[in-house]
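Chains as they are written, first to last, in my numbering: chain A, -17 to 350; chain B, -1 to 145. Quick reminder that beta carbons are idealized off the backbone N, C-alpha and C, glycines included. All figures in this text were calculated on a predicted structure; none of them were measured in a lab.
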């Protein structure tokens, strides 16, 4: 009840803050990001194949002199048929340098990668995202990569400090359907909300860009026939803290993110109580020429064997995989600003399954 | 009926003259201009590049500025982007597509023609634009020349 009142208070304050003028619309920006790939791996019975990657339409516009809106519609194919999903869909009002307020579906400010590269392979130096940042619905999705709610952001002073903070719907898992982590677009079965934020530092004359992220998130049962708790009750209460660092100097660049995730399994869910997990990636890049860049990335996810959030088949379902490390090597060749070829070799080493190596050649592009 | 007679030699020399004049017009140079009250006397190409690519909204001395663009297809704009920013029109469009998609900003607003740019720059402090040298009236402060 108290949580609901607080949420209402935040919403009311935002509604009042949004009642300000502004009337100059600017041109509508439209674009399409796409990628096409050829993939080969040493997984038995997995034949090399050409693959249509994601097709990502976006539109963005300043709809008056202080308000901008964006939507991103993505088509992708997992098993033959195309599926589509609105990935981002938000509106944001710029009140001042230190306070912008938005509402909608967005990538939460956890780390550097998600809020800077979004769904565009063309923006990345590797074909794959770090697996610890996998999108919802996967056994690798340990934390939400999309949120539906409010997001505030702005500068703190003029020295390069920047904040992002938000409140959003809780996440769900349908344990009956083994649905993995899900993002409810219009319901929140929990009285509580997810809260999250990031504090970062960036100046154009300083090569370091450090950031710290925090999140408090409830993962809620969405099935009427849940295996552990009733529909709408918390399965797991998560607390997350993350550190990220980007460093660029001449031809060298480093990007690293490390997270500590504390899962408080609720009574009735596996070995109830607190469990700790860590996940990180560290990526090193070097520009061999103006058009050719080499990148190496090390990734790791570790958790306790008795953490049902990871290991129960009805939750994240990593019982056949366990913890995991990955090594990724990539060569990226930019034909121009608008398209690039990326060759990636990706070696997975799950604790409880055979190691596998995949090679992907992807041609990523933007149309505008 | 009186007519105009043009010799072959005259025709060739006329064509050559037109070509030379058009080439000179197409490559007349660009000047970056600033508001009368702007507290700088010159700007470096790097600063102008960072401003027009949305990488900063401040000058080296910390002053916040706004920049204005000419519309796509304008020959002065093409020359400005080629000489000062180091990108052609297609590269600039692709660049901004990526910036918009990743939420890192949007391209500068545009004015219809050079006269409107000069007027806009002179109307308020903290404004920067670019025009051809001929369009830079006496009231415009030239901060950078790219020939």
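Inter-residue CB distance, residue i and residue j (contact presumed, cutoff 8 Å)
{"i": "residue 172 (chain A)", "j": "residue 214 (chain A)", "result": "7 Å"}
{"i": "residue 20 (chain A)", "j": "residue 343 (chain A)", "result": "5 Å"}
{"i": "residue 222 (chain A)", "j": "residue 125 (chain A)", "result": "6 Å"}
{"i": "residue 104 (chain A)", "j": "residue 276 (chain A)", "result": "Not really, about 18 Å apart at Cβ, beyond 8 Å."}
{"i": "residue 252 (chain A)", "j": "residue 211 (chain A)", "result": "Their Cβ separation, rounded to whole angstroms, is 11 Å, which puts residue 252 (chain A) and residue 211 (chain A) out of contact at 8 Å."}
{"i": "residue 52 (chain B)", "j": "residue 103 (chain B)", "result": "4 Å"}
Pick from the options that is closest to residue i, judged by C-alpha positions
{"i": "residue 33 (chain B)", "options": "B:89, B:64 and B:143", "result": "B:64"}
{"i": "residue 255 (chain A)", "options": "A:264, A:217 and A:282", "result": "A:217"}
{"i": "residue 112 (chain B)", "options": "B:66, B:57 and B:123", "result": "B:66"}
{"i": "residue 201 (chain A)", "options": "A:229, A:230, A:235 and A:247", "result": "A:247"}
{"i": "residue 68 (chain A)", "options": "A:323, A:75, A:55 and A:62", "result": "A:55"}
{"i": "residue 39 (chain A)", "options": "B:46, B:81, B:96 and B:128", "result": "B:96"}
{"i": "residue 41 (chain B)", "options": "B:128, B:115 and B:91", "result": "B:128"}
{"i": "residue 153 (chain A)", "options": "A:267, A:174 and A:31", "result": "A:174"}
{"i": "residue 279 (chain A)", "options": "A:235, A:290, A:139 and A:249", "result": "A:235"}
{"i": "residue 352 (chain A)", "options": "A:243, A:335 and A:29", "result": "Since the first residue shown for chain A is -17 and the last is 350, residue 352 (chain A) is missing from the structure and cannot be characterised."}
{"i": "residue 28 (chain B)", "options": "B:70, B:75, B:50 and B:48", "result": "B:75"}
{"i": "residue 142 (chain B)", "options": "B:82, B:51 and B:116", "result": "B:82"}
{"i": "residue 180 (chain A)", "options": "A:27, A:91, A:63 and A:143", "result": "A:91"}
Interface flag, residue i vs chain A, CB-CB below 8 Å
{"i": "residue 20 (chain B)", "result": "In this prediction, residue 20 (chain B) scores a pLDDT of 47, lower than 50, which makes its location untrustworthy; no coordinate-derived value is stated."}
{"i": "residue 127 (chain B)", "result": "no"}
{"i": "residue 48 (chain B)", "result": "yes"}
{"i": "residue 148 (chain B)", "result": "The requested residue 148 (chain B) does not occur in the structure, where chain B is confined to residues -1 to 145."}
{"i": "residue 91 (chain B)", "result": "yes"}
{"i": "residue 107 (chain B)", "result": "yes"}
{"i": "residue 104 (chain B)", "result": "yes"}
{"i": "residue 133 (chain B)", "result": "no"}
Distance between residue j and residue i (C-alpha atoms, nearest Å)
{"i": "residue 158 (chain A)", "j": "residue 73 (chain A)", "result": "35 Å"}
{"i": "residue 117 (chain A)", "j": "residue 271 (chain A)", "result": "32 Å"}
{"i": "residue 163 (chain A)", "j": "residue 219 (chain A)", "result": "13 Å"}
{"i": "residue 58 (chain A)", "j": "residue 14 (chain A)", "result": "13 Å"}
{"i": "residue 309 (chain A)", "j": "residue 82 (chain A)", "result": "38 Å"}
{"i": "residue 93 (chain B)", "j": "residue 87 (chain B)", "result": "10 Å"}
{"i": "residue 130 (chain A)", "j": "residue 194 (chain A)", "result": "21 Å"}
{"i": "residue 331 (chain A)", "j": "residue 105 (chain B)", "result": "44 Å"}
{"i": "residue 18 (chain A)", "j": "residue 316 (chain A)", "result": "15 Å"}
{"i": "residue 114 (chain B)", "j": "residue 134 (chain B)", "result": "11 Å"}
{"i": "residue 31 (chain B)", "j": "residue 140 (chain B)", "result": "4 Å"}
{"i": "residue 60 (chain A)", "j": "residue 156 (chain A)", "result": "21 Å"}
{"i": "residue 294 (chain A)", "j": "residue 203 (chain A)", "result": "14 Å"}
{"i": "residue 52 (chain A)", "j": "residue 87 (chain A)", "result": "10 Å"}
{"i": "residue 85 (chain A)", "j": "residue 98 (chain A)", "result": "18 Å"}
{"i": "residue 319 (chain A)", "j": "residue 89 (chain B)", "result": "6 Å"}
{"i": "residue 345 (chain A)", "j": "residue 98 (chain B)", "result": "21 Å"}
Closer than 8 Å to chain B by CB, residue i
{"i": "residue 350 (chain A)", "result": "yes"}
{"i": "residue 104 (chain A)", "result": "yes"}
{"i": "residue 100 (chain A)", "result": "yes"}
{"i": "residue 226 (chain A)", "result": "no"}
{"i": "residue 318 (chain A)", "result": "yes"}
{"i": "residue 186 (chain A)", "result": "yes"}
{"i": "residue 94 (chain A)", "result": "no"}
{"i": "residue 8 (chain A)", "result": "yes"}
{"i": "residue 231 (chain A)", "result": "no"}
{"i": "residue 142 (chain A)", "result": "no"}
{"i": "residue 44 (chain A)", "result": "yes"}
Residue i - partner residues in DSSP beta bridges
{"i": "residue 118 (chain B)", "result": "The partner list for residue 118 (chain B) (beta bridge, DSSP) is empty, contrary to what the question assumes."}
{"i": "residue 105 (chain A)", "result": "Residue 105 (chain A) pairs with nothing; no bridge assigned."}
{"i": "residue 89 (chain A)", "result": "DSSP lists no partner for residue 89 (chain A)."}
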